[in-house]
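S.K.: Got a structure here, written out as structure tokens. Questions coming.
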Amino acid sequence: EDELSPVALATRVVLADCVRQGVQQGLWVGARLGF
Numbered sequence: 017e018d019e020l021s022p023v024a025l026a027t028r029v030v031l032a033d034c035v036r037q038g039v040q041q042g043l044w045v046g047a048r049l050g051f
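Here our numbering is used: the first residue of the sequence shown is 17, the next is one more, and so on.
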């Protein structure tokens, strides 16, 4: 994997957190976390 800038790494963390929260709140029916 290519080395990511600090901004890119922070963006990945924020997006992953948003997705996790959305799945846990049932915003995407049938979605499951794989990490």
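Every residue, glycine too, gets a C-beta built ideally from N, C-alpha and C.
For the alpha helix (DSSP H) holding D18, just list the boundary residues, first then last.
M.R.: From DSSP, D18 is part of no alpha helix (DSSP H); its letter is neither H nor E.
S.K.: To which residues of the same chain is A47 closer than 7 Å at the C-beta, ignoring the five residues directly before and after it?
M.R.: V39, listed in sequence order.
S.K.: Would you kindly check if the distance between the Cβ of R28 and the Cβ of L49 is under 8 Å?
M.R.: Result no, Cβ atoms of L49 and R28 do not sit closer than 8 Å.
S.K.: Given the structure, does V23 come close to the ligand FMN, in the sense that its CB is under 7 Å from one of the ligand's heavy atoms?
M.R.: Ligands displayed in this structure: none; no statement on the ligand FMN is therefore possible.
S.K.: Short of 6 Å in beta carbon distance, which residues of its chain neighbour L25, apart from the five on each side in sequence? Order them along the chain.
M.R.: Around L25: no qualifying Cβ.
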